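First the structure, in the form of structure tokens, and then the observations on it.
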Amino acid sequence: MTDSPAPLPPAQRARRTALFVVLVSGVLATFIVLGRQSAPPSMPASAPHKLRLNLKGELVGVEGEPGLDQALQPGFVLEKKAVEARVNTTCLACHGAPGEDLSAHACRQIGRCLPPHHPPKTECIKCHRMPPSTP
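Right, dumping it as structure tokens:
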């Protein structure tokens, strides 16, 4: 014969019921609050698209554009700034807002800002593309 568990005292049963009701009402309240948030942006009538991100989570394009496996082709050059600018203007054209908020950037340019002590971006080739000089 099996032993059946002893019934819970009425005070503990009422406490568990109240806890369950509070939990369920909290979940429902969360859904109601989130449902009243601003609506998602209106999408154009064209087919939806997927964003492509690199391993750092940076936006590099949309699904309909040529794939990144073109980088394996000889002579292919990916200009990061050009891709970022194109994606940003494409987002602005469809959604009414750029893909990246430039007001949050101190440099007011697309992409990651350089530290304040870094020379201007026009001098990057001098530091990053040249082989190290021998003393």
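Per our numbering: the sequence shown = residues 1 to 135. No residue lacks a Cβ here, since even glycine has one placed at the ideal position from N, Cα and C. Owing to the predicted nature of the structure, the values given are computational and were not obtained by experimental measurement.
| Query | Result |
| --- | --- |
| Would you mind sorting residue 87 into buried or exposed? The rule is 16 or more other CB atoms within 10 Å of its CB. | buried |
| To the nearest angstrom, how far is the alpha carbon of residue 32 from that of residue 38? | 12 Å |
| With distances taken Cα to Cα, identify the nearest neighbour of residue 52 among 26, 36, 25 and 83. | 83 |
| If we ignore side chains and look at the alpha-carbon of each, how far apart do residue 26 and residue 5 end up? | 30 Å |
| Output the distance between the C-alpha atoms of residue 21 and residue 13, rounded to the nearest integer angstrom. | 12 Å |
| Could you check where the alpha helix (DSSP H) with residue 138 kicks off and where it finishes? | Since the first residue shown for the chain is 1 and the last is 135, residue 138 is missing from the structure and cannot be characterised. |
| Please say whether residue 16 and residue 8 have beta carbons closer to each other than 9 Å? | yes |
| What did DSSP end up calling residue 56 once you bin it into helix, strand or coil? | coil |
| Is DSSP giving residue 6 helix, strand or coil here? | coil |
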